[in-house]
Amino acid sequence: MLPAAEAATRVWPSAICTGSLQACIDGAAAGDRVEVDWLAPIEEDIAISRALTLTAAGQRIRFAGGRSVTGQLGSGVSGTVAISRIDLSDAELSLRKSGAGLAVFVVEDVHVERSLTGGNGRIAVTADSGGTVSATLSGNRVRGLPSSINGGLLELTASGGSLDAWVTGNALTRNADPLAQGAAVFVDAHAIGGQPGEATVRVFGNTAEGAFGRGAYTFSEGLFSSTPSMLRVFALSNAATGSAPATSTGVSLIAGSGTIDAHVFNNTLVGVRNGISATRWDSGAATARVNGSIRNNLIQASERGLVATAALTPSLDNDYNLIEAPANLATPGPNTLAGPARLVARHAPRLRAGSPAIDAGDGTGLANVIVEAGLPPLDADGLRRVKGIRVDVGAYEWGDLGGRHAATLDTIESNWTLLGGPLGTPFTAELQATRVYNYGGRTVAPFGLYYTAGTWALYNESVAPVLPGLLWSVWSPASGTGRFSHTTTSANTTAWRTRIDDGATNGQPGRIVLVAHNWTASPVSNYIDHPLGVYYDGSGAAGRWHIANLGQVALPLNSAFNVYAQPPSPNAFRVAAIPGRQLVVLDHPLLNGIRCANAQVTRVTSAANPGPAGGFDLDYGLVDGHWGIFSPTPWPADTAFNVVVDPAQVFECTDRIFADDLD
Numbered sequence: 068m069l070p071a072a073e074a075a076t077r078v079w080p081s082a083i084c085t086g087s088l089q090a091c092i093d094g095a096a097a098g099d100r101v102e103v104d105w106l107a108p109i110e111e112d113i114a115i116s117r118a119l120t121l122t123a124a125g126q127r128i129r130f131a132g133g134r135s136v137t138g139q140l141g142s143g144v145s146g147t148v149a150i151s152r153i154d155l156s157d158a159e160l161s162l163r164k165s166g167a168g169l170a171v172f173v174v175e176d177v178h179v180e181r182s183l184t185g186g187n188g189r190i191a192v193t194a195d196s197g198g199t200v201s202a203t204l205s206g207n208r209v210r211g212l213p214s215s216i217n218g219g220l221l222e223l224t225a226s227g228g229s230l231d232a233w234v235t236g237n238a239l240t241r242n243a244d245p246l247a248q249g250a251a252v253f254v255d256a257h258a259i260g261g262q263p264g265e266a267t268v269r270v271f272g273n274t275a276e277g278a279f280g281r282g283a284y285t286f287s288e289g290l291f292s293s294t295p296s297m298l299r300v301f302a303l304s305n306a307a308t309g310s311a312p313a314t315s316t317g318v319s320l321i322a323g324s325g326t327i328d329a330h331v332f333n334n335t336l337v338g339v340r341n342g343i344s345a346t347r348w349d350s351g352a353a354t355a356r357v358n359g360s361i362r363n364n365l366i367q368a369s370e371r372g373l374v375a376t377a378a379l380t381p382s383l384d385n386d387y388n389l390i391e392a393p394a395n396l397a398t399p400g401p402n403t404l405a406g407p408a409r410l411v412a413r414h415a416p417r418l419r420a421g422s423p424a425i426d427a428g429d430g431t432g433l434a435n436v437i438v439e440a441g442l443p444p445l446d447a448d449g450l451r452r453v454k455g456i457r458v459d460v461g462a463y464e465w466g467d468l469g470g471r472h473a474a475t476l477d478t479i480e481s482n483w484t485l486l487g488g489p490l491g492t493p494f495t496a497e498l499q500a501t502r503v504y505n506y507g508g509r510t511v512a513p514f515g516l517y518y519t520a521g522t523w524a525l526y527n528e529s530v531a532p533v534l535p536g537l538l539w540s541v542w543s544p545a546s547g548t549g550r551f552s553h554t555t556t557s558a559n560t561t562a563w564r565t566r567i568d569d570g571a572t573n574g575q576p577g578r579i580v581l582v583a584h585n586w587t588a589s590p591v592s593n594y595i596d597h598p599l600g601v602y603y604d605g606s607g608a609a610g611r612w613h614i615a616n617l618g619q620v621a622l623p624l625n626s627a628f629n630v631y632a633q634p635p636s637p638n639a640f641r642v643a644a645i646p647g648r649q650l651v652v653l654d655h656p657l658l659n660g661i662r663c664a665n666a667q668v669t670r671v672t673s674a675a676n677p678g679p680a681g682g683f684d685l686d687y688g689l690v691d692g693h694w695g696i697f698s699p700t701p702w703p704a705d706t707a708f709n710v711v712v713d714p715a716q717v718f719e720c721t722d723r724i725f726a727d728d729l730d
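Dropping the structure here:
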């Protein structure tokens, strides 16, 4: 395979890629990148036999119905196959490594849809016959029907091979045959030809909707094999919302003749018959074992919360789970909670204020598992995993609050507008806010946050009057790691920049960082009538985030800023701007077509090119239904944006009528 610096990018169709897409792929060297710049559905099945990247050059790649993409790396062939931004209908994306060598499979932002009368669709990864696979399946969306009782919308298999996999941020929905079997995620490690399978899978932050009789998240060892294999499972912060409580299961652990070592933490499983089960395949051996821990899970089941075959599970403990079920076939741990769980809705099972699940989890146990698995501390919404005093029980952490503020004659007081309501209180809130264009006149003037008359307010840094009709997206992140205040001092501030020093950001260039000027928290009241941004400088543990005055004017000492920071996720991400342009389109499933959706945005620049730069706002395209970041002045070089989308806010603004499941 060519080194990354020597790999070629081939655009199809183009002068170097004429004919079919398959011909373009066949003509590529190992390690090349193939970008598709084609709007019509592609009437081809695609086969990949070498290391390759396949992605869209602009708009997403669409394949015609029934057209699949398969990859097969044979013995002695190693390399990376990366596939992203493609749409399949009634088809599958399947990647397999057989025999000696290491394959790295990366599948991101792939959509698979089953039509009303179409065939099954799935994304599948297999390590076969001595093959070694490292796989990442992230941010994919599959709506379909599992192909069989032991099939899944996502399938990961170690069939006499070795598999190490990360499965995160995928949205999986059964859209047909609500009583059928199968799984949303089906993982199996089994032997072939006497060669055991071995797998380690980290399944976290996924959602599964619909009935999955085998188990929404099914982890199997030894399917159709009597030779012991080994499966290590980290299943954290996943949600399953079943639609058939008489047949569904949330998490299934099924051993044959070998061992499953499972850590099942902080999952939310509702609308199911059984919550979490640990059982043996019918033909399994008495020596099979399921070991590990089941903790911090929220279960609403029509029949049983926990099911465990005693002889199989002497080393499987459970505790700190909230269980609403008529019975258990396992002894619940001493810190087990009873309901009601007080959820927002069955189909959106986040916690309401006052839920017994809030701050009730085993934080130490979760922290140890996160470190052992190397996982980011995120919940099923892709936001911070720990807020408040302790970790919550279930997949979703409670406490953040978002909304939209409109300045009106009733809220405006000179150069500020009063927020009022839940977003305006309490005084200890550390808000973030982003301007939103209201199609009645634009201003991108700098603004800050100010507490007055018992509520937070947004004010113009120029002290010019706030005009009626101006809009802001406002977000109040809950207290906890990743939410803090930064104040400029002579020790941390040089001219137009100030260095942040916090454990949530230090040495973390990939962190998604938001900032807002807090006038009230400043020891000395200061106005900053210039746009703000952030940049990262330094390497290793010495690297630090900085807040920059993009007008390149000195930051006043004793100025305070609200700072929010978290690891990246599908809902907390960075998007780059093209220099010289004025619009960055945000193509995101929670924003597309949803005018009431909010996002929080902070500009990211570089130490080498920190400005000057103008302001920006969020614009909703009435024609294309996409949100975008707009500036009246062109973007300078090295411009990017940190973006955070709160799924709970999007649910609140779009689904309020169904908040009590009156659907």
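If you want the working numbering, it's the position in the sequence shown, counting the first as 1, plus 67.
Every residue gets a Cβ at the ideal spot worked out from N, C-alpha and C, and that includes glycine.
Quantities reported herein were computed from a predicted structural model and do not represent experimental measurements.
Mind the definition here: the segment 496-515 touches the segment 426-437 only if three or more C-beta pairs lie below 8 Å; say whether that holds.
No: the two stretches stay apart, fewer than three of their Cβ pairs being nearer than 8 Å.
Would you mind working out which of Ala306, Arg452, Ala392 sits nearest Ala412, comparing C-alpha positions?
Taking the first residue of the sequence shown as position 1, residue 412 is located at position 345. When only C-alpha atoms are compared, the closest one is Ala306.
Cys91 by DSSP, collapsed to three states: which one?
Counted from its first residue, the sequence shown places residue 91 at position 24. Correct three-state label for Cys91: helix.
For Gly86, does the three-state DSSP call read helix, strand or coil?
Taking the first residue of the sequence shown as position 1, residue 86 is located at position 19. Looking at Gly86 - three-state DSSP - the assignment turns out to be coil, as it is neither helix nor strand.
Is Gln667 helix, strand or coil by DSSP?
Position 600 of the sequence shown, counted from the start, is the residue given in the question as residue 667. Strand, per DSSP.
Report the rounded CA-to-CA distance for Ala639 versus Asn709, giving the unit in angstroms.
Within the sequence shown, numbered from 1, the residue matching residue 639 stands at position 572. Within the sequence shown, numbered from 1, the residue matching residue 709 stands at position 642. Roughly 7 Å separates the two Cα atoms.
With distance defined between alpha-carbon atoms, name the residue in Leu379, Ser360, Ala74, Phe130 nearest to Pro399.
Taking the first residue of the sequence shown as 1, we reach residue 399 at position 332. Minimum Cα distance to Pro399 is reached at Ser360.
Can you tell me whether Asn629 is helix, strand or coil according to DSSP?
Residue 629 sits at position 562 when you count from the first residue of the sequence shown. The answer is strand: DSSP assigns Asn629 an E or B state.
What is the DSSP secondary structure of Ile259, counted as helix, strand or coil?
By 1-based counting over the sequence shown, the position of residue 259 is 192. The answer is strand: DSSP assigns Ile259 an E or B state.
Hey, how far is the Cα of Ala96 from the Cα of Leu239?
Walking along the sequence shown from the start, residue 96 turns up at place 29. Walking along the sequence shown from the start, residue 239 turns up at place 172. If I take the Cα positions, the gap works out to 34 Å.
Can you tell me whether Leu445 is buried or exposed, with buried defined as 16 or more other CB within 10 angstroms of its CB?
Here residue 445 corresponds to residue number 378 of the sequence shown, with the count starting at 1. Buried.
Taking three-plus beta-carbon pairs below 8 Å as touching, is the segment 553-570 in contact with the segment 607-620?
Yes: the two stretches touch, three or more of their Cβ pairs being nearer than 8 Å.
Grab me the residues of Ala440's own chain with a C-beta within less than 7 Å of its C-beta, minus the 5 sequence neighbours each way, in chain order.
Here residue 440 is taken as the residue at index 373 of the sequence shown, counted from 1. Taken in chain order, the residues that qualify are Arg269, Phe301.
The alpha helix (DSSP H) with Ala512 in it runs from where to where?
As a working note, residue 512 is residue 445 in the sequence shown. Ala512 -> no alpha helix (DSSP H), and no H or E assigned at all.
Taking Gly428 as the reference, give the member of Ala674, Asn388, Pro623, Gly466 with the closest Cα.
Along the sequence shown, read from residue 1 onward, the residue named residue 428 stands at position 361. Out of Ala674, Asn388, Pro623, Gly466, Asn388 has the C-alpha closest to the C-alpha of Gly428.
The alpha helix (DSSP H) with Ile437 in it runs from where to where?
Translated into the one-based positions of the sequence shown, residue 437 becomes position 370. Taken as a continuous stretch (DSSP letters only), the alpha helix (DSSP H) holding Ile437 covers 430-440.
Do you know whose CA, among Gly86, Glu102, Ser87, lies nearest Ala75's CA?
Reading the sequence shown from its first residue, position 8 is the one you call residue 75. Closest option to Ala75, Cα to Cα, is Glu102.
Can you list, in chain order, the residues of its chain whose CB lies under 6 Å from that of Val460, leaving out five sequence neighbours each side?
Residue mapping note: residue 460 aligns to position 393 of the sequence shown, counting from 1. Cβ within range, chain order: Asn363, Leu365, Leu389, Ala424, Ala427, Gly428.
For Trp702 and Pro598, I'd like the C-alpha separation in whole angstroms.
Taking the sequence shown and counting its residues from 1, one reaches residue 702 at position 635. Taking the sequence shown and counting its residues from 1, one reaches residue 598 at position 531. Near 13 Å, if we compare the C-alpha coordinates of Pro598 and Trp702.
Please report the residue range of the beta strand (DSSP E) in which Leu650 lies.
For the purposes of this step, residue 650 is taken as the residue at position 583 of the sequence shown. Start and end: 650-653.
Mind checking which residues open and close the alpha helix (DSSP H) that includes Ala715?
Within the sequence shown, the letter at position 648 stands for residue 715. Here the alpha helix (DSSP H) through Ala715 covers 714-721.
Looking at the secondary structure, which residues open and close the alpha helix (DSSP H) in which Gly488 lies?
Your numbering for residue 488 matches position 421 in the sequence shown. Note, Gly488: alpha helix (DSSP H), 488-491.
Leu658 by DSSP, collapsed to three states: which one?
Reading the sequence shown from its first residue, position 591 is the one you call residue 658. Three-state DSSP puts Leu658 in coil, outside helix and strand.
If contacts are defined as beta-carbon pairs under 8 Å, then Thr492 and Thr522 qualify, I think. What distance do you get, rounded to the angstrom?
Taking the first residue of the sequence shown as 1, we reach residue 492 at position 425. Taking the first residue of the sequence shown as 1, we reach residue 522 at position 455. Contact holds; Cβ gap of about 6 Å.
Select from Val580, Leu290, Leu183, Leu379 the residue whose C-alpha is nearest the C-alpha of Arg451.
Against the sequence shown, residue 451 aligns to sequence position 384. For the residues Val580, Leu290, Leu183, Leu379, the minimum Cα distance to Arg451 belongs to Val580.
Under 7 Å Cβ to Cβ from Pro80, same chain only, skipping five residues before and after it: list those, please.
One-based indexing of the sequence shown puts residue 80 at position 13. Around Pro80: Trp105.
State the DSSP-derived secondary structure class of Gly607, mapped to helix, strand or coil.
One-based indexing of the sequence shown puts residue 607 at position 540. Helix.
Does the separation of the CB atoms of Gly695 and Leu650 fall below 9 Å?
As a working mapping, residue 695 is identified with position 628 in the sequence shown. As a working mapping, residue 650 is identified with position 583 in the sequence shown. Taking 9 Å as the Cβ cut-off, Gly695 and Leu650 qualify as a contacting pair.
Tell me whether Ser287 is buried or exposed, calling it buried when 16 or more other Cβ atoms sit within 10 Å of its Cβ.
For the purposes of this step, residue 287 is taken as residue 220 along the sequence shown, with counting starting at 1. That one is buried.
Hey, out of Ile83, Arg163, Gly143, whose CA is closest to Ile115's CA?
By one-based count along the sequence shown, residue 115 stands at place 48. Of Ile83, Arg163, Gly143, the residue nearest in Cα terms is Arg163.
Which same chain residues, not among the five before or five after Ala82, have their C-beta less than 8 Å away from its C-beta?
Working through the sequence shown from its first residue, we reach residue 82 at position 15. Cβ neighbours of Ala82 beyond the five flanking positions: none.
Are the CB atoms of Ser296 and Pro263 within a distance shorter than 9 Å?
Within the sequence shown, residue 263 is the residue found at index 196, counting from 1. Within the sequence shown, residue 296 is the residue found at index 229, counting from 1. Yes, Cβ-Cβ distance for Pro263 and Ser296 is below 9 Å.
Quick test of the definition: if touching needs 3 or more C-beta pairs under 8 Å, does the segment 626-639 touch the segment 587-602?
Touching, per the Cβ criterion.
Ala191 by DSSP, collapsed to three states: which one?
By 1-based counting over the sequence shown, the position of residue 191 is 124. Strand.
Who are the near neighbours of Asp722 in its chain, counting only those whose CB is closer than 6 Å to its CB and skipping five residues on each side?
As a position in the sequence shown, residue 722 is number 655, starting the count at 1. So the list is empty, once near-sequence residues are dropped.
At which residues does the beta strand (DSSP E) containing Lys164 begin and terminate?
What you label residue 164 is simply residue 97 of the sequence shown in a count that begins at 1. Run containing Lys164: 159-165, per the beta strand (DSSP E) assignment.
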